[in-house]
Amino acid sequence: MDKEPRILAFLCNWCSYAGADLAGTSRIQYPTTLRVLRVPCSARVNPQFILKALQEGADGVLVSGCHPGDCHYLEGNYYARRKFAAMRDLLEYVGLEKGRVRFSWVSAAEGGKFAEVVKEVTNGVKQVKDTTQFLKKRDWPVE
Amino acid sequence: MSSMTDAIREEARKILSDGKVDFVIGYAEGDTPIQAKPVFISRVEDVDKLVWPSFGLVNLATYLSRYRTSKDRIGIVAKGCDSRSIVALLKENQIDRDRLFIIGVNCPGMLSRQVAREKAGEIIAAENKGETWSFTTVEGNKEVSCFELMPSNCAACRHHAPVISDVVVGDPITEPDGDGYDSVREFEKKSAPERYQYLMSEMSACIRCYACRQACPTCNCDECFVDITQPRWVDKGLESTDLAIWQLIRVYHQAGRCVDCGACEEACPMGVKLLWLTRKMNFIVKERFGFEAGVDPEALPPLATYEKDDSQEFIL
Chain V
608 MDKEPRILAF LCNWCSYAGA DLAGTSRIQY PTTLRVLRVP CSARVNPQFI
658 LKALQEGADG VLVSGCHPGD CHYLEGNYYA RRKFAAMRDL LEYVGLEKGR
708 VRFSWVSAAE GGKFAEVVKE VTNGVKQVKD TTQFLKKRDW PVE
Chain Z
1041 MSSMTDAIRE EARKILSDGK VDFVIGYAEG DTPIQAKPVF ISRVEDVDKL
1091 VWPSFGLVNL ATYLSRYRTS KDRIGIVAKG CDSRSIVALL KENQIDRDRL
1141 FIIGVNCPGM LSRQVAREKA GEIIAAENKG ETWSFTTVEG NKEVSCFELM
1191 PSNCAACRHH APVISDVVVG DPITEPDGDG YDSVREFEKK SAPERYQYLM
1241 SEMSACIRCY ACRQACPTCN CDECFVDITQ PRWVDKGLES TDLAIWQLIR
1291 VYHQAGRCVD CGACEEACPM GVKLLWLTRK MNFIVKERFG FEAGVDPEAL
1341 PPLATYEKDD SQEFIL
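Sequence order for the protein chains is V and Z. Sequential numbering of the first sequence, starting at 608, is according to the working numbering. Sequential numbering of the second sequence, starting at 1041, is according to the working numbering.
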């Protein structure tokens, strides 16, 4: 795709959001493609959110949480991992282009990794040929 | 088939006259050809309405969650898949085991009305001639073999025998080789755009009647996500992505609960193919989490538990 992609990022409050904060305060440069949505935990992200985001015009979706074992709620990300694994496989099966829905673990101390993840995800979304998959067709203009 | 019918009637008669149950859920002869309808028998003299059908893809466990809060003791005729659904419901505390009397049936596989309609058209009358069925349609007569009428889920079935039961009728059946997921592997060979195209073209016929949901034993939420208006997850109407997302999320909600009974596809008035999706969900759950719905009464549902070393090759 030619235009600047718009990626919706669900970042968990305790790790990934703080990681993004650290990337900012450390003045690390990374693409400005993310629209961040702070959630209490990666397990809060219902797979419906992902499909809804694609439907409403997100070019990509990133869900990021704490590393396994680091969850603020002890085991939220373990459950999240299972949910995402199942959803990811199902979406791949129905032909969603690779690179549109991504997952990552970023801790509060990994500002550098956060920037790398954003670069990786942005590049991935830029490779996607058809971002209109699952985009809702409306009879009226959005925005 | 008739010996199965007799055996089911006898068991039903026994439990009803002994007062073990308040009613028995089973199959009765339908009002139209090649249709079996569910029937609730509460009096001994009505027991002869029960039959063992050839076209009984209705999953009788669907009705159990409606008795979640009642005190009724229920007898139920359960094929292999129905019994797995019952296990799935027991796991989710939808019904008490001690209120149930399960008449398990070693099911040789059902025939599909949906497939019959595809092969022969609108059927006015039908007659079983052993290995084939003779259908009378508006265009004339047509013979179709039983083998051709078997739905894809029965052909892929590896659990013909009931998982839990109080009595079992019918002769044991040897399970075929393989895991039954060949159709999924075959579909995966297509390119991604082709697969997306297939999803969209199949779902474009959907009229949002929710018959698939109503026919499904594990679609038993009091309020379905698709009916929620605050927030409105899926818009009303027949926009193509709404249709696709509705079915994708419904299938996703069946992760580790779907027993591949085929009731959803059989119930669809528009002939939308659904089993290619539900079977993939089952395949994912089996491959990733080593779980099969309703097979092990003790195992925790796969999305309600986790292993510390679950695979995470897809996570950055």
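The beta carbon of each residue, even a glycine, is placed where N, CA and C say it ideally should be. None of these values were measured; they are calculated from a predicted model.
{"Check": "Less than 8 Å between the C-beta atoms of residue 1301 of chain Z and residue 1193 of chain Z, yes or no?", "Outcome": "yes"}
{"Check": "Apart from the five residues on each side of it in sequence, which residues of its chain come closer than 7 Å, Cβ to Cβ, to residue 680 of chain V?", "Outcome": "648"}
{"Check": "Please compile the residues from chain V whose C-beta is within a distance smaller than 7 Å of the C-beta of residue 1342 of chain Z.", "Outcome": "689"}
{"Check": "Considering just the uninterrupted stretch of the alpha helix (DSSP H) at residue 1241 of chain Z, what are its terminal residues?", "Outcome": "1232-1243"}
{"Check": "Who are residue 1068 of chain Z's beta bridge partners in DSSP?", "Outcome": "Z:1077, Z:1090"}
{"Check": "Mind checking which residues open and close the beta strand (DSSP E) that includes residue 1177 of chain Z?", "Outcome": "1172-1177"}
{"Check": "At what residue ranges does the region 647-732 of chain V contain a whole run of the beta strand (DSSP E), taking only runs of 3 or more?", "Outcome": "667-672, 708-712"}
{"Check": "Using the Cα positions of residue 1240 of chain Z and residue 1284 of chain Z, report the straight-line distance between them to the nearest angstrom.", "Outcome": "7 Å"}
{"Check": "According to DSSP, what are the bridge partners of residue 1115 of chain Z?", "Outcome": "Z:1064, Z:1141"}
{"Check": "According to DSSP, is residue 1314 of chain Z helix, strand or coil?", "Outcome": "coil"}
{"Check": "Of all the residues that make up the region 702-725 of chain V, which are near chain Z by a beta-carbon distance shorter than 9 Å?", "Outcome": "702, 703, 704, 705, 709, 710, 711, 712, 713, 720, 723, 724"}
{"Check": "For the alpha helix (DSSP H) that residue 617 of chain V lies in, which residues bound it at each end?", "Outcome": "Per DSSP, residue 617 of chain V belongs to no alpha helix (DSSP H); it is in the beta strand (DSSP E), 614-619."}
{"Check": "Beta-carbon of residue 606 of chain V versus every beta-carbon of chain Z: anything under 8 Å?", "Outcome": "There is simply no residue 606 of chain V to check, as chain V begins at 608 and stops at 750 in what is shown."}
{"Check": "Report yes or no: do the region 1059-1071 of chain Z and the region 1215-1229 of chain Z share at least 3 C-beta pairs separated by less than 8 Å?", "Outcome": "no"}
{"Check": "Any idea if residue 666 of chain V is buried or exposed, counting beta-carbon neighbours within 10 angstroms, 16 or more meaning buried?", "Outcome": "buried"}
{"Check": "With DSSP collapsed to three states, give me the class of residue 1166 of chain Z.", "Outcome": "strand"}
{"Check": "Helix, strand or coil, according to DSSP, for residue 1182 of chain Z in the structure here?", "Outcome": "strand"}
{"Check": "DSSP has residue 645 of chain V in a bridge; who is on the other side?", "Outcome": "V:618"}
{"Check": "Ignore the nearest five residues each way along the sequence and tell me which others in residue 1326 of chain Z's own chain have a CB closer than 7 Å to its CB.", "Outcome": "1332"}
{"Check": "Once DSSP output is grouped into helix, strand and coil, what is the label at residue 1213 of chain Z?", "Outcome": "coil"}
{"Check": "Could you give the first and the last residue of the continuous alpha helix (DSSP H) run that contains residue 1103 of chain Z?", "Outcome": "Per DSSP, residue 1103 of chain Z belongs to no alpha helix (DSSP H) and is neither H nor E."}
{"Check": "Pick helix, strand or coil for residue 1208 of chain Z, following the three-state DSSP scheme.", "Outcome": "strand"}
{"Check": "Give me the Cβ distance between residue 1131 of chain Z and residue 1341 of chain Z, rounded to the nearest whole Å; I'm assuming they're in contact under 8 Å.", "Outcome": "6 Å"}
{"Check": "Would you identify the three-state DSSP class for residue 1355 of chain Z, choosing helix, strand or coil?", "Outcome": "strand"}
{"Check": "Counting contacts by CB-CB distance shorter than 8 Å, is residue 1233 of chain Z in contact with chain V?", "Outcome": "yes"}
{"Check": "Compare the C-beta of residue 641 of chain V with all C-beta atoms of chain Z and state if any pair is closer than 8 Å.", "Outcome": "no"}
{"Check": "Does the beta carbon of residue 744 of chain V sit closer than 8 Å to a beta carbon anywhere in chain Z?", "Outcome": "yes"}
{"Check": "Find out if the Cβ-Cβ distance for the pair residue 702 of chain V, residue 731 of chain V is shorter than 8 Å.", "Outcome": "no"}
{"Check": "When you compare the region 1254-1270 of chain Z with the region 1295-1311 of chain Z, are there three or more beta-carbon pairs, one atom per stretch, that lie closer than 8 Å?", "Outcome": "yes"}
{"Check": "On the criterion of 16 or more Cβ atoms from any shown chain inside 10 Å, does residue 1044 of chain Z qualify as buried, or is it exposed?", "Outcome": "buried"}
{"Check": "Select from the region 651-664 of chain V all residues with a C-beta closer than 7 Å to any C-beta belonging to chain Z, and list them in chain order.", "Outcome": "654, 655, 658, 659, 662"}
{"Check": "Just checking my contact of residue 1116 of chain Z with residue 1095 of chain Z at CB under 8 Å: how many whole Å lie between their CB atoms?", "Outcome": "The Cβ separation is near 19 Å, so there is no contact."}
{"Check": "Quick check on residue 711 of chain V: buried or exposed, where buried means 16 or more other Cβ atoms within 10 Å of its Cβ?", "Outcome": "buried"}
{"Check": "Which ranges would you report for the alpha helix (DSSP H) in the region 1265-1313 of chain Z if only whole runs of at least 4 residues count?", "Outcome": "1280-1293, 1303-1307"}
{"Check": "Which same chain residues end up closer than 7 Å to residue 690 of chain V when comparing Cβ atoms and leaving out the 5 residues on each side of it in sequence?", "Outcome": "654"}
{"Check": "From residue 1233 of chain Z to residue 699 of chain V, what does the alpha carbon distance come to, in whole angstroms?", "Outcome": "11 Å"}
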